[in-house]
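K.L.:
In mature numbering (1 follows the signal peptide of the UniProt record, and there is no 0), the protein residues as written are -24 to -1, 1 to 263.
As structure tokens, then:
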């Protein structure tokens, strides 16, 4: 970590931790909280991550949880989480993503968590558990062409919050992949919403992290009568995000439109996505 980033880290840590009633003993002793802070300031981001995992395993109180979450957010700013590598993905999983999604249609809001990736061998189960024993999802994945797989859980009662999670992937052979995952608090504010049947709005969020990919807008159009929900048209845009549906080559008719705002980071080789999606029926081209 450069001298400039070291100085910035000190300033940011002081800002996020120096709140009324903050943990006064944060800098004393050699507990895992202190070690995590020290290792991050020394540029040992991966070691700091290991200490954060240990701290979460010690049943932290509310103040300690807030401090760990703030420290983890700071660690991500170094390189968007690429250095938070507990270990590399195995050769039989070349790609892996964890996706938290809030889906809003005109009548309800649905919370969803998905784990997706590519596999070169048969997977028996994908399981995500919040420490110590709260199972979020545990099921045999659907595996499609090219080895693409996914598992998901819908209709969650509350968002998947900050904390320590264990991801386990078991194959039908003897291969097993275990990995600790740290998640931040999901964005509380809904940044994307309908203006009318023709347009949507995108509100500015916090300043983007220059180390992370820019936000992506994913637009898809579906046949209302297709129960497989295979998109007739889809387009992903980054950079200057559109706020209206472009001209597309589909027959006149009534469709289901989905528009998702995707923010992403990394935890080592694992991609972590936070998605806000709005959906509604639309008449095309009568938009």
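From the three backbone atoms N, C-alpha and C, an ideal C-beta is built for every residue, glycine too.
#1: Could you pull out every residue in the same chain whose Cβ sits closer than 7 Å to the Cβ of residue 130, ignoring the five residues on either side in sequence?
#2: Among 28, 188, 67, which has the Cα closest to the Cα of residue 48?
#3: What would DSSP say about residue 137, mapped onto helix, strand or coil?
#4: Secondary structure at residue 52, three-state DSSP: helix, strand or coil?
#5: Using the Cα positions of residue 224 and residue 22, report the straight-line distance between them to the nearest angstrom.
#6: In or out: residue 51 buried (at least 16 other Cβ within 10 Å) or exposed?
#7: For residue 252 and residue 241, what's the separation of their Cα atoms in angstroms?
#8: Whose C-alpha, out of 16, 102, 133, 169, is nearest the C-alpha of residue 147?
#9: Should residue 215 be labelled buried (16 or more other beta-carbon atoms within 10 Å of its own) or exposed?
#10: Could you tell me the alpha carbon to alpha carbon distance between residue 46 and residue 53, rounded to whole angstroms?
#11: Use the C-beta contact count for residue 3: other C-beta atoms within 10 angstroms, 16 or more gives buried, fewer gives exposed.
P.N.:
This is what the structure holds:
#1: Closer than 7 Å at Cβ, skipping near neighbours: 86, 88.
#2: Answer by Cα proximity: 28.
#3: If DSSP states are grouped into helix, strand and coil, residue 137 belongs with coil.
#4: It is helical.
#5: Between residue 224 and residue 22, the C-alpha separation is close to 46 Å.
#6: Counting the other CB atoms within 10 Å of its CB gives residue 51 a total of 16 or more, which places it among the buried residues.
#7: So the two alpha carbons sit approximately 15 Å from each other.
#8: The shortest C-alpha separation from residue 147 is found at 102.
#9: Residue 215 should be labelled exposed.
#10: Going from the Cα of residue 46 to the Cα of residue 53 covers about 11 Å.
#11: Any reading at residue 3 must be qualified, since the residue scores a pLDDT of 47, below 50, and its modelled position is unreliable; the value itself is stated next. It is exposed - the Cβ of residue 3 has fewer than 16 other Cβ atoms within 10 Å.
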